[in-house]
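Visitor: After the structure tokens below, expect a handful of questions from me.
Protein chains: 2
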Amino acid sequence: MPGPIVLRDPEEVRRICDEARASGKRVGLVPTMGALHEGHLALVHEARRRSDFVVVTIFVNPTQFGPNEDLARYPRDLEGDLQKLHEADVVFAPDVAAMYPPGDETRVRAAGLAAHLCGPHRPVHFEGVATVVTKLFAIVGASTAVFGKKDFQQLAIIRRLVTDLFLPVSVVGHPIVREADGLAMSSRNAYLSADDRVRALSLSRGLSAAARAFGEGERRAGTLRGLVHAEVERAATSIDYVTLADVDTLTPIDEASLVGKRALLAIACRIGGTRLIDNLVLGEDPPPHAQP
Amino acid sequence: MPGPIVLRDPEEVRRICDEARASGKRVGLVPTMGALHEGHLALVHEARRRSDFVVVTIFVNPTQFGPNEDLARYPRDLEGDLQKLHEADVVFAPDVAAMYPPGDETRVRAAGLAAHLCGPHRPVHFEGVATVVTKLFAIVGASTAVFGKKDFQQLAIIRRLVTDLFLPVSVVGHPIVREADGLAMSSRNAYLSADDRVRALSLSRGLSAAARAFGEGERRAGTLRGLVHAEVERAATSIDYVTLADVDTLTPIDEASLVGKRALLAIACRIGGTRLIDNLVLGEDPPPHAQP
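Chains as they are written, first to last, in my numbering: chain A, 1 to 292; chain R, 1 to 292.
Pasting the structure below:
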């Protein structure tokens with residue numbers, strides 16, 4: 001099977017996507033930062049299912065990294081990634097100067113949604129995400145774009161900007177893909193030592209404990225968050241947050257029982273030096289770990 | 001001759017523009033806030049010349065007005081405007097809730113360009129402009145959009161965001177249209193009393209004096225600005241700025257003689273209670289007033 005075409009130039013991607021559309025094809029987009037794992041490939045598969053011409057972007061976007069974050073050491077493996085992308089038609093792998101030429105300064109932000117959860121801990125992150133995704137939507141002209149729910153806040157912000165800016169693209173959220181033992185897949189899992197890898201299970205184990213309690217009728221944020229905390233605080237170097245939030249606004253809520261409102265239980269912490277996130281929509285997502 | 005179709009719903013505008021494009025028509029866009037004058041109609045004429053299906057938007061955009069600005073009393077005359085728009089195919093006149101539905105919070109900004117000239121005096125203005133124009137581009141899907149050069153900084157910011165966000169639209173700047181006596185046309189001229197109207201000529205007269213000096217070899221910012229100041233300070237209630245700026249970056253410059261760089265001479269002041277702006281690209285735009 002031939003591999004995907006690899007393109008570096010935004011205008012070439014635009015041209016090839018224009019041609020695909022002109023021939024009646026629906027264009028699907030999966031933006032990634034590469035270092036692809038099964039989670040990414042599930043997104044590509046979903047895009048394939050929903051469209052006729054699939055563009056996967058591989059771009060480690062500098063504007064979404066803070067000055068003390070892991071931009072320089074973020075895992076990069078374009079050759080390995082291409083081997084895995086047999087469901088893609090085009091891989092768009094621009095360099096930084098192609099996406100941010102000299103003089104570039106336009107930024108897109110959704111301030112309210114970015115104020116919660118990871119926002120206070122990563123001040124520039126979501127503006128960088130919103131900006132690069134807006135660029136990619138315009139270049140590719142996709143009718144469908146697929147994002148993972150592990151980055152739940154990112155997905156919410158992208159849905160928000162698509163609605164607010166009237167962008168003609170349908171945003172699809174894909175369920176978190178987990179390792180057999182429950183760990184949410186992430187390119188950053190590659191940073192984990194063998195010990196860290198064991199400790200990292202505390203996130204999904206904590207979410208499972210809270211999901212079970214929710215299943216048994218528990219609705220109070222304090223108790224649900226406490227169950228996650230109990231698991232994670234033994235394993236984590238530090239905890240950024242364990243929050244029960246309104247799934248739409250991402251604002252913290254005191255209980256999960258408001259009628260018609262789903263509740264997101266989300267966590268960010270450091271295992272060793274690696275920042276990990278995980279989340280669960282209570283009563284909707286299956287617990288990461290089966291009932292013991 | 002039949003008048004244009006008037007639409008209120010963004011999705012209806014999107015649909016009709018999609019249809020126009022599908023039938024091979026090039027779609028042109030002229031965003032306005034209504035209260036149309038000959039300057040606006042020149043933009044519509046330019047859009048007509050460059051495209052096959054012309055959309056004029058009439059929307060007094062609240063996000064580009066500061067709390068102490070003239071949003072409430074900004075002139076509105078939809079019926080009168082429609083009489084003048086025989087060159088438009090569609091007039092898009094949404095209400096505020098259609099453009100900013102509940103929950104809307106995404107904003108677009110070009111911070112560097114917005115830091116100069118009017119930016120410090122109108123802190124939210126250009127973010128409001130950039131945001132609404134990005135929305136209009138997405139709704140209409142225009143291949144060409146025409147803006148006036150009177151709002152030189154606005155035009156620069158729109159060019160910037162189109163480049164930075166890879167938007168598939170060609171931005172055309174149209175020369176300032178002036179009254180016979182030199183006053184730059186503006187919807188806000190309607191605010192001027194008879195006395196103010198006479199005083200308002202000081203802006204174009206000052207620019208003409210500077211243009212003549214430039215024509216005679218003067219290049220120093222201090223002298224060129226001084227010639228404008230001398231005219232305006234006798235007439236204005238207050239002066240926001242008289243600035244010689246790099247046409248690309250809008251940063252203030254000390255002289256107009258840098259090789260290959262054109263210089264913008266721009267002014268903003270208050271005549272009575274009315275804020276007016278005017279500008280001239282030295283050596284490029286004709287002086288507003290003929291040589292006396």
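Heads up, the beta-carbon is just placed ideally off N, CA and C, and yes, glycines get one too.
Could you check if D164(R) is buried or exposed, using at least 16 other CB atoms within 10 Å of its CB as the buried criterion?
Guide: Classification for D164(R): buried.
Visitor: Quick check: G3(R) and L82(R), are their CB atoms within less than 7 Å of each other?
Guide: For G3(R) and L82(R), yes; Cβs fall inside 7 Å.
Visitor: Scan the region 164–189 of chain R for residues whose Cβ lies nearer than 9 Å to a Cβ of chain A and list them as they occur along the chain.
Guide: If the cut-off is 9 Å between Cβ atoms, the region 164–189 of chain R has D164, L165, F166, L167 and P168 near chain A.
Visitor: Using a Cβ cut-off of 7 Å, which residues of the region 134–150 of chain A contact any Cβ in chain R, in chain order?
Guide: So the list reads T134, K135, A138 and I139, given in the order they occur along the chain.
Visitor: In its own chain, which residues sit with a C-beta less than 7 Å from the C-beta of E218(A), not counting the 5 before and 5 after it?
Guide: Hits under 7 Å: L224.
Visitor: Check the Cβ of R270(A) against every Cβ in chain R and list those closer than 8 Å, keeping chain order.
Guide: Going along chain R, no residue has its Cβ under 8 Å from R270(A), so there is no contact; the nearest lies around 30 Å.
Visitor: Assuming H229(A) is part of the alpha helix (DSSP H), what are its boundary residues?
Guide: It spans A221 to V232 - the alpha helix (DSSP H) in which H229(A) sits, taken as one unbroken run.
Visitor: Taking C-beta to C-beta, are V7(A) and F92(A) nearer than 7 Å?
Guide: Looking at the sequence itself, residue 7(A) is Leu, so the reference to Val does not match. A contact, by the Cβ cut-off of 7 Å.
Visitor: Near A42(R), what residues of its chain come up, given a Cβ to Cβ distance below 7 Å and the 5 sequence neighbours on each side ignored?
Guide: Excluding positions up to five away in sequence, the list reads H174 and V177.
Visitor: Under 7 Å Cβ-Cβ, which residues of chain A neighbour T243(R)?
Guide: Here the premise fails: no neighbours, minimum Cβ distance about 20 Å.
Visitor: Against R109(R), what residues of chain A qualify as contacts under a CB-to-CB distance less than 9 Å, listed in chain order?
Guide: Ordered by position in chain A, the residues that pass the 9 Å Cβ test against R109(R) are E105, T106, R107, V108 and R109.
Visitor: Run through DSSP, which three-state label would H174(R) get?
Guide: Here H174(R) sits in strand by DSSP.
Visitor: Where does the unbroken beta strand (DSSP E) through D18(R) begin, and where does it stop?
Guide: Counting along the chain, D18(R) falls outside any beta strand (DSSP E), though it belongs to the alpha helix (DSSP H) covering P10 to A22.
Visitor: Is it the case that the region 120–134 of chain R contacts the region 51–68 of chain A, given that we only count it when at least three CB pairs across the two stretches are under 8 Å?
Guide: No, the region 51–68 of chain A is not in contact with the region 120–134 of chain R.
Visitor: Just verifying my parser: in three-state terms, what is the DSSP assignment at L7(A)?
Guide: In the structure shown, L7(A) sits in a strand (DSSP, three-state: E or B).
Visitor: Keeping to the same chain, check which residues put their C-beta closer than 6 Å to that of P159(A); ignore five residues upstream and five downstream.
Guide: Note that residue 159(A) is Arg in the sequence shown, not Pro. Here the set comprises V171.
Visitor: Please name the residue or residues paired with P295(R) in a DSSP beta bridge.
Guide: In the structure as shown, chain R begins at 1 and stops at 292. Residue 295(R) is therefore absent and cannot be evaluated.
Visitor: Measuring straight from C-alpha to C-alpha, what distance separates R234(R) and P252(R)?
Guide: Roughly 24 Å between the two C-alpha positions.
Visitor: With a cut-off of 8 Å, do at least 3 Cβ pairs link the region 230–247 of chain R to the region 259–274 of chain R?
Guide: Result yes; three or more Cβ-Cβ pairs closer than 8 Å.
Visitor: Checking 7 Å against the spacing of the C-beta atoms, do R50(A) and T144(A) come in under that value?
Guide: Their beta carbons are under 7 Å apart, which means R50(A) touches T144(A) by this criterion.
Visitor: If we define contact as Cβ-Cβ less than 7 Å, is G295(R) a contact residue for chain A?
Guide: An answer regarding residue 295(R) cannot be provided, because it is not within the stretch 1 to 292 covered by chain R.
Visitor: Give the straight-line distance between the Cα atoms of A110(R) and G148(R), rounded to the nearest whole angstrom.
Guide: If you take the alpha carbons of A110(R) and G148(R), they lie about 19 Å apart.
Visitor: Distance check for L276(R) and H45(R), CA to CA, integer angstroms please.
Guide: Taking the straight line joining both Cα atoms gives about 25 Å.
Visitor: How many Å lie between L207(R) and D195(R) at the Cα?
Guide: Using only the alpha carbons, I get a separation of about 20 Å.
Visitor: What are the start and end residues of the alpha helix (DSSP H) that includes G206(A)?
Guide: Run containing G206(A): L201 to G215, per the alpha helix (DSSP H) assignment.
Visitor: Could you tell me which chain R residues have their CB closer than 8 Å to the CB of P287(A), listed as they occur along the chain?
Guide: Simply none; closest approach about 30 Å.
Visitor: Report, in whole angstroms, the separation of the C-beta atoms of D278(R) and K150(R), which I expect to be a contact under 8 Å.
Guide: At roughly 7 Å, the Cβ-Cβ gap stays under 8 Å, so D278(R) and K150(R) are in contact.
Visitor: For V60(A), name the three-state secondary structure that DSSP assigns.
Guide: Three-state DSSP puts V60(A) in coil, outside helix and strand.
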